[in-house]
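In order, the protein sequences belong to chains A and B.
So for the first sequence, our numbering puts the first residue at 45; every next one is plus one.
So for the second sequence, our numbering puts the first residue at 45; every next one is plus one.
This report refers to the structure that appears directly beneath it.
There are 2 protein chains.
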Amino acid sequence: MTGGRRDGRADLTPPPGESPVVVLVRPQMAQNIGATARAMANGGLFHLRLVAPRDGWPQEAAYPAASGADVILDRAAVFPDIRAAVADCHRVLGTCPRPRHVITPLLDARAAAAELRAVNARELRVAVLFGPERAGLEADDLAHCDTLVRYPLNPEHASLNLAQAVMILAYEWWMAAETTPPRQLQTHATRPATKGELEHFLDRLVAELDAAGFLHNPPKRPGMVRNLRHWFERGEVTEQELRTLHGVVTELARGRMVRGRFAGEAPPVPWESEG
Amino acid sequence: MTGGRRDGRADLTPPPGESPVVVLVRPQMAQNIGATARAMANGGLFHLRLVAPRDGWPQEAAYPAASGADVILDRAAVFPDIRAAVADCHRVLGTCPRPRHVITPLLDARAAAAELRAVNARELRVAVLFGPERAGLEADDLAHCDTLVRYPLNPEHASLNLAQAVMILAYEWWMAAETTPPRQLQTHATRPATKGELEHFLDRLVAELDAAGFLHNPPKRPGMVRNLRHWFERGEVTEQELRTLHGVVTELARGRMVRGRFAGEAPPVPWESEG
């Protein structure tokens, strides 16, 4: 923990086109500054500026909440006012939880992230302002912003923690460039079974159930077989799971033979058929 | 602060089709439980269950971080294990920050929110499990889940605070049903100007600039007028702003006349033309 820099601007100015600058305006609690750094790192934002932090800067109390994102705190630059903090920025967005009587384009967090990516791609330097914990940015602060950002959230409980507000923007910033498919089947060691593998298993299962007398009701048999098939067709069974199920059938069939031979139990009750 | 209920299940079971149940599995810090309740309220989630909280429940220390979402804490139900906590649920999703060797459908937060809304619309009861702060859900916990959720975030710094993880899901839950347009121009007291109003203003401005001698270079005049028009065409000027600009032109023109009459100043330097 080397502590923040009070002076720096020139050397801390990210090249245009780097990730956006997060500006905390008059932040009050060191813990929130630390939690902001953690949220920034989570979402791939690395440039933090502080405007007139209430308790000064650096503050050791910020570091535990940063959970390893220390470098963001170490390099945080401090400015006396917004004008100085955004002087080298080409665009300034400001978060604005409540409606205001100002005439400024208003984006939700997702549209703001798309805008940040677009500005970024043009190699411009862009800042996003977040207001103090208690009341957010004031009208004079918002007048520095060319664009406002408001998150659609429960209007009955719209008061966001400062680091939560940063988290949502950082998350949307990351998501705006994310290419991972939104839906996957998590398979490391195996693959979905082919339909041929599934048919082979179902043939075996039905044969064993026939042998066991489970499918002994001829009028109901087609529906019962279909029900079994429906279940096994769902859920993209994997090749590994099919091998396990083959083993289960083998073991249960052996048990039946053993029981049938030695215990003379009653035959099992067939499942209810949809037919 | 009435404290949580240790017993409750039957009376705390949300009707199927209500908002999803958030289940914190072995949560460690009361402050995180409180911050979770706040994030839930922000995103319109109201049902909280706790599985074996480390320090027991209720805990007064949770309430300050809830920032008014006390009712969620008051009504939080405590269960000894996951099996009991999800017994009345039809679907169970589990957050899973790191890849695991399990074969389960994996959704990102946005797809998970869409899935939650879809399950909800079918009037089924659905739970989302969040693991303990240090390490998340264990393999035996994940075995209770029919679906896993992983947020795409910076892999270099993927460790999310527990309440941040809940916040992202709650935010996506809310967004999945949000109908506010993602981009608006925030206008309360006025409306965008019509093109006719804008033309009227530009005519006046150009006439005053002609009178002032600002557009005195005939070859450059068309390009300069076009430049002015480009600027005023951008940014969806409002009717109110046009009225202000009319006043500005009037005042500046009056100033010019005064100065021209009494001070005999040099004519202003024309702006550079693109032509």
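By construction, the Cβ of each residue, glycine as well, lies at the ideal position given by its N, Cα and C atoms.
Exercise. Return no unless some Cβ of chain A is closer than 8 Å to the Cβ of B:Asp118.
Key: Here residue 118 of chain B refers to the residue found at position 74 when the second sequence is read from its first residue. Not one chain A Cβ lies under 8 Å of B:Asp118.
Quiz prompt | Chain-order list of residues whose beta-carbon lies under 7 Å from that of A:Pro176 (same chain, five-residue window excluded) | solution = If you number the first sequence from 1, residue 176 of chain A lands on position 132. Around A:Pro176: Val69, Arg70, Pro71 and Gln72.
Quiz item: With 16 other CB atoms within 10 Å as the buried threshold, where does A:Ala29 fall?
Solution: Past the boundaries of the shown model lies residue 29 of chain A; chain A is included only from 45 to 319, so the question cannot be answered.
Practice problem: Would you identify the three-state DSSP class for A:Val269, choosing helix, strand or coil? | Solution: The sequence position of residue 269 of chain A within the first sequence is 225, counting from 1. A:Val269 falls in the helix class under three-state DSSP.
Exercise. On the DSSP bridge assignment, give the partners of A:Gln228 in chain order.
Key: For the purposes of this step, residue 228 of chain A is identified with residue 184 of the first sequence, where counting begins at 1. Partner(s): B:Leu150.
Quiz item: Which residues mark the beginning and the end of the alpha helix (DSSP H) in which A:Val250 is found?
Solution: Counting from 1 along the first sequence, the entry for residue 250 of chain A is found at position 206. Its alpha helix (DSSP H) spans residues Lys239 to Ala256.
Quiz prompt | 8 Å Cβ cut-off: residues of chain A touching B:Ala85 | solution = In the second sequence, the residue the question calls residue 85 of chain B occupies position 41. Correct list: Asn198, Glu200 and His201.
Quiz item: Any idea if B:Asn261 is buried or exposed, counting beta-carbon neighbours within 10 angstroms, 16 or more meaning buried?
Solution: As a working note, residue 261 of chain B is residue 217 in the second sequence. B:Asn261 should be labelled exposed.
Quiz item: Of all Cβ atoms in chain B, is any one closer than 8 Å to the Cβ of A:Ile126?
Solution: Along the first sequence, read from residue 1 onward, the residue named residue 126 of chain A stands at position 82. No, because no Cβ of chain B sits closer than 8 Å to the Cβ of A:Ile126.
Quiz item: Taking Cβ positions only, does B:Met219 come closer than 8 Å to chain D?
Solution: No chain D is present in this structure, whose protein chains are A and B.
Exercise. At 9 Å on the CB atoms, spell out the chain A contacts of B:Asn4, in chain order.
Key: What is shown of chain B runs 45 to 319, which leaves residue 4 of chain B out entirely.
Quiz item: Is any beta-carbon of chain A found at less than 8 Å from that of B:Arg287?
Solution: Along the second sequence, one-based indexing puts residue 287 of chain B at 243. It does not; no Cβ of chain A falls within 8 Å.
Exercise. Leaving out five residues on either side along the sequence, give the residues of the same chain with a beta carbon under 6 Å from the beta carbon of A:Gln208.
Key: Looking up residue 208 of chain A in the first sequence gives position 164. Excluding residues within five positions, none has a Cβ falling inside 6 Å.
Quiz item: DSSP on B:Thr288, reduced to helix/strand/coil?
Solution: Walking along the second sequence from the start, residue 288 of chain B turns up at place 244. Helix.
Exercise. Find the residues of chain B that neighbour A:Gln72, judging by a C-beta separation of less than 8 Å, and give them in chain order.
Key: Walking along the first sequence from the start, residue 72 of chain A turns up at place 28. Under the 8 Å cutoff, chain B gives no residues; its nearest Cβ is about 14 Å from A:Gln72.
Quiz item: So, is the C-beta of A:Glu222 closer than 8 Å to a C-beta in chain B?
Solution: For the purposes of this step, residue 222 of chain A is taken as residue 178 along the first sequence, with counting starting at 1. By this cut-off, A:Glu222 is an interface position.
Quiz item: A:Gly138 by DSSP, collapsed to three states: which one?
Solution: Looking up residue 138 of chain A in the first sequence gives position 94. A:Gly138 falls in the strand class under three-state DSSP.
Self-check item: B:Val67 versus A:Leu168 - alpha carbon distance
Solution: Your numbering for residue 67 of chain B matches position 23 in the second sequence. Your numbering for residue 168 of chain A matches position 124 in the first sequence. Spanning the two alpha carbons is a distance of roughly 43 Å.
Practice problem: Kindly list, in the order they appear in chain A, the residues whose Cβ is closer than 8 Å to that of B:Arg154. | Solution: Sequence index remark: in the second sequence, residue 154 of chain B carries index 110 (1-based). Simply Met219 and Pro226.
Quiz item: From B:Thr80 to B:Asp125, what does the alpha carbon distance come to, in whole angstroms?
Solution: By one-based count along the second sequence, residue 80 of chain B stands at place 36. By one-based count along the second sequence, residue 125 of chain B stands at place 81. Near 19 Å, if we compare the C-alpha coordinates of B:Asp125 and B:Thr80.
Quiz prompt | Under 8 Å between C-beta atoms of A:Asp99 and A:Ala83 | solution = Residue mapping note: residue 99 of chain A aligns to position 55 of the first sequence, counting from 1. Residue mapping note: residue 83 of chain A aligns to position 39 of the first sequence, counting from 1. In this structure, A:Ala83 does not lie closer than 8 Å to A:Asp99 by Cβ.
Quiz prompt | Among B:Leu213, B:Phe90, B:Pro149 and B:Asn205, nearest to B:Ala120 - alpha-carbon criterion | solution = If you number the second sequence from 1, residue 120 of chain B lands on position 76. That would be B:Phe90, whose Cα lies nearest to the Cα of B:Ala120.
Quiz prompt | Contact residues within the segment 236-260 of chain A, judged by C-beta distance below 7 Å to chain B | solution = none
Quiz item: Any heavy atom of the ligand ZN within a distance shorter than 7 Å of the CB on B:Gly279?
Solution: For the structure depicted, the ligand ZN is absent and the ligand set is empty, with no information on it obtainable.
Quiz item: Is the Cβ-Cβ distance between B:Phe276 and B:Leu246 less than 8 Å?
Solution: For the purposes of this step, residue 276 of chain B is taken as residue 232 along the second sequence, with counting starting at 1. For the purposes of this step, residue 246 of chain B is taken as residue 202 along the second sequence, with counting starting at 1. Against a cut-off of 8 Å, the Cβ pair of B:Leu246 and B:Phe276 comes out as a contact.
Exercise. Pull up the CB-CB distance for A:Ala128 and A:Leu117, whole angstroms please, since I reckon it's below 8 Å.
Key: Sequence index remark: in the first sequence, residue 128 of chain A carries index 84 (1-based). Sequence index remark: in the first sequence, residue 117 of chain A carries index 73 (1-based). The Cβ separation is near 20 Å, so there is no contact.
Exercise. Evaluate B:Thr223 with the Cβ neighbour count: other Cβ atoms within 10 Å of its Cβ, from every protein chain shown; 16 or more gives buried, anything less gives exposed.
Key: If you number the second sequence from 1, residue 223 of chain B lands on position 179. By the 10 Å Cβ count, B:Thr223 comes out exposed.
Self-check item: 8 Å contact criterion, which A:Ile77 and A:Ala106 should meet: CB distance rounded
Solution: Position 33 of the first sequence, counted from the first residue, corresponds to residue 77 of chain A. Position 62 of the first sequence, counted from the first residue, corresponds to residue 106 of chain A. Right, the Cβ-Cβ distance comes to about 5 Å (below 8 Å), so this counts as a contact.
Quiz item: Which residue or residues does DSSP assign as beta-bridge partners of A:His91?
Solution: For this step, residue 91 of chain A is matched to residue 47 along the first sequence. Looking at the DSSP assignment, A:His91 forms a beta bridge with A:Val65.
Exercise. Could you tell me whether any Cβ in chain B is nearer than 8 Å to the Cβ of A:Pro176?
Key: In the first sequence, counting from the first residue as 1, residue 176 of chain A sits at position 132. False, the Cβ-Cβ gap to chain B never drops below 8 Å.
Self-check item: Where A:Thr234 meets chain B, residues with beta-carbon distance less than 9 Å
Solution: Here residue 234 of chain A refers to the residue found at position 190 when the first sequence is read from its first residue. The answer, in chain order, is Ile147.
Exercise. To the nearest angstrom, report how far apart A:Leu204 and B:Ala220 are at their CA atoms.
Key: In the first sequence, residue 204 of chain A corresponds to position 160, counting from 1. In the second sequence, residue 220 of chain B corresponds to position 176, counting from 1. So the two alpha carbons sit approximately 19 Å from each other.
Quiz item: Nearest CA to the CA of B:Ala233: which residue from B:Glu283, B:Cys189, B:Pro141 and B:Trp218?
Solution: Working through the second sequence from its first residue, we reach residue 233 of chain B at position 189. Checked all of B:Glu283, B:Cys189, B:Pro141 and B:Trp218; the closest Cα to B:Ala233 is B:Glu283.
Quiz item: Under a three-way DSSP split, which group does A:Val130 fall into?
Solution: The residue given as residue 130 of chain A occupies position 86 in the first sequence. Three-state DSSP puts A:Val130 in coil, outside helix and strand.
Quiz item: Beta-carbon of A:Leu137 versus every beta-carbon of chain B: anything under 8 Å?
Solution: Position 93 of the first sequence, counting from 1, holds the residue named residue 137 of chain A. Taking Cβ atoms only, chain B never reaches closer than 8 Å to A:Leu137, which makes this a no.
Quiz item: Nearest CA to the CA of B:Cys133: which residue from B:Arg93, B:Leu259, B:Gly88 and B:Ala85?
Solution: Looking up residue 133 of chain B in the second sequence gives position 89. Closest option to B:Cys133, Cα to Cα, is B:Arg93.
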